[in-house]
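Accompanying notes for the structure given below.
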Amino acid sequence: MKGGEDKIKIIEKRKEDHLKLCLRDEVETDFSAGFEDVHLIHMSVPDFDFDDVDTSCNLFGKKMDAPIIIEAMTGGAEIAHKVNTNIARAAEECGVAMGVGSVRAAIENKELWYTYQVREVAPSIPLISNLGLVQFSNGYGLDEMVEAVEAMEADALAIHLNPLQEVVQPEGDRKWKNSLDMVSDLMNHVNFPVIAKETGAGISREVAVKLEKAGFKAIDVGGVGGTSFAMVEHLRHDEESKNELGRVFKDWGVPTAISIVECSMSTSLPVIASGGVRGGLDGAKSIALGASYFGGARPFLKAAMESHEKVKEIIERWKAELKVAMFLVGARNLEELKKKNVVITGFVKEWLEARGINVKIFASRES
Ligand SMILES: Cc1cc2nc3c(=O)[nH]c(=O)nc-3n(C[C@H](O)[C@H](O)[C@H](O)COP(=O)(O)O)c2cc1C
-3 MKGGEDKIKI IEKRKEDHLK LCLRDEVETD FSAGFEDVHL IHMSVPDFDF
47 DDVDTSCNLF GKKMDAPIII EAMTGGAEIA HKVNTNIARA AEECGVAMGV
97 GSVRAAIENK ELWYTYQVRE VAPSIPLISN LGLVQFSNGY GLDEMVEAVE
147 AMEADALAIH LNPLQEVVQP EGDRKWKNSL DMVSDLMNHV NFPVIAKETG
197 AGISREVAVK LEKAGFKAID VGGVGGTSFA MVEHLRHDEE SKNELGRVFK
247 DWGVPTAISI VECSMSTSLP VIASGGVRGG LDGAKSIALG ASYFGGARPF
297 LKAAMESHEK VKEIIERWKA ELKVAMFLVG ARNLEELKKK NVVITGFVKE
347 WLEARGINVK IFASRES
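Take the sequence shown: its letter number 54 is residue 50 in this note's numbering, and every next letter is one higher.
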């Protein structure tokens, strides 16, 4: 029992540390998400009005005003309740989706469920619960998977894949064997969609193919280019144990722009672009590269600590940027944006070509 209580306290403390550290700038990668290598083509003679641009879409049967997801961040600590509530209210008023951080803390200590439960203030948006894949090779099963979604009346569950974060922290989970097979089995027994989600190291096409085969219904690429959890772990342990592993592996993984292409070309699953997405223009580029939705975590954190109005300001800015980009490429809706020509240059081009992908296909979709 004592051991169990200690474990809960450690999880709660870690969550609070993550929030505090993620407010600092050094937690971002030096490596870019790659959007500067992705160029949309300007269209000088729009043949429709700006007000005709329609950014709406559907996710898990729910209508959204724009394909934006405020990505999983928190829960489990008192401050997290405020953060999640501010995000939820803003997301509801702006018609976008939201995820919460890993609900493991509440599964271990039911008193903490209130820090995640936001349905009351966000009755109509797509709401995504969250658990780690590694928990499923450490004792979690169907009950935990179902509780994760039902306890917060979510529409879907994101299962986060974070081997980088686990392996660079001394107390991280190291038992990953069979976790994907276990989750694959469990997904046959649930009636909600399950998303595979990275947390900042990106998803390659080899992994994307495995995830589709396993039965996931969407992929959130969580690529390199934004928040680095290796760096967060480095900073978290810096004073006590000088955790150098986190610093060395800070930029490890597949940059977001590349991961979007790798996942969308190798599977038929909807792809969510995240990891260093820093506005609606990055989002528009993501959709032209093959994503269906885009999201961000850290860009919303400071605002969410303050008020739901501050979160709304950022969402509205992202929406406005997306709409302007769509107007300027001549896309009336998201389906048209997906078919627009994109020129890919620099490092992203080099990587994709090295992987056998002809980037000219993107530049000559329509004439
Ligand atoms: C404070 C904080 C806590 C996070 N906690 C989780 C989590 O519990 N589960 C998860 O799947 N991702 C978590 N993430 C990762 C984000 O959802 C996202 O994948 C990552 O931060 C990259 O996006 P960004 O560059 O926009 O921040 C967290 C991110 C932040 C900033």
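The beta-carbon is built from N, C-alpha and C at its ideal position, and this holds for glycine as well.
Under 7 Å Cβ to Cβ from residue i, same chain only, skipping five residues before and after it: list those, please.
| i | result |
| --- | --- |
| L277 | E317 and A321 |
| F46 | F323 |
| E89 | K308 |
| L17 | V23, V228, L231 and R232 |
| L36 | A280, K281, A284, A321, V325, K336 and V338 |
| K356 | none |
| E349 | V355 |
| P42 | F323 and G326 |
Does the distance between the C-beta of residue i and the nearest non-hydrogen atom of ligand 1 fall short of 6 Å?
| i | result |
| --- | --- |
| T195 | yes |
| N134 | no |
| C18 | yes |
| M69 | yes |
| H156 | yes |
| N126 | yes |
| A293 | yes |
| G222 | yes |
| H14 | yes |
| G275 | no |
| S270 | yes |
| G72 | no |
| S282 | no |
| G97 | yes |
| G137 | no |
| G198 | no |
| G218 | yes |
Is residue i near ligand 2, with its Cβ less than 6 Å from a heavy atom?
| i | result |
| --- | --- |
| M227 | Absence of ligand 2 from the depicted structure is noted, with ligand 1 being the only ligands included. |
Residues in the same chain with beta-carbon distance under 6 Å from residue i, minus the five sequence neighbours each way, listed in chain order, please.
| i | result |
| --- | --- |
| S28 | G221 |
| T341 | D33 |
| A299 | K306, V307 and I310 |
| G168 | E162 |
Around the C-beta of residue i, are 16 or more other C-beta atoms found within 10 angstroms, so that it is buried, or is it exposed?
| i | result |
| --- | --- |
| D26 | exposed |
| P63 | buried |
| R100 | buried |
| F245 | buried |
| F44 | exposed |
| N184 | exposed |
| A359 | exposed |
| G57 | exposed |
How long is the line joining the alpha carbons of residue i and residue j, rounded to whole angstroms?
| i | j | result |
| --- | --- | --- |
| E302 | F188 | 33 Å |
| I66 | G292 | 6 Å |
| V203 | G219 | 13 Å |
| K11 | K206 | 30 Å |
| N329 | K319 | 9 Å |
| E208 | H77 | 33 Å |
| A287 | G135 | 33 Å |
| N105 | S40 | 57 Å |
| E258 | D13 | 33 Å |
| E143 | A214 | 20 Å |
| E140 | I103 | 7 Å |
| A327 | S52 | 13 Å |
| Y289 | G128 | 21 Å |
Whose C-beta lies closer than 8 Å to the C-beta of residue i among residues of the same chain, with five residues either side of it excluded?
| i | result |
| --- | --- |
| V250 | A197, G198, I199, S200, V217, G219, V220 and E258 |
Is the region 307 to 317 close to the region 253 to 268, with three or more CB pairs under 8 Å? Too few Cβ pairs lie closer than 8 Å, so no.
Say whether the region 192 to 199 touches the region 151 to 171, bearing in mind that this needs 3 or more beta-carbon pairs closer than 8 Å, one atom from each stretch. These segments touch.
Stretch pair the region 76 to 93 + the region 110 to 126: three plus CB contacts closer than 8 Å: Segments in contact, yes.
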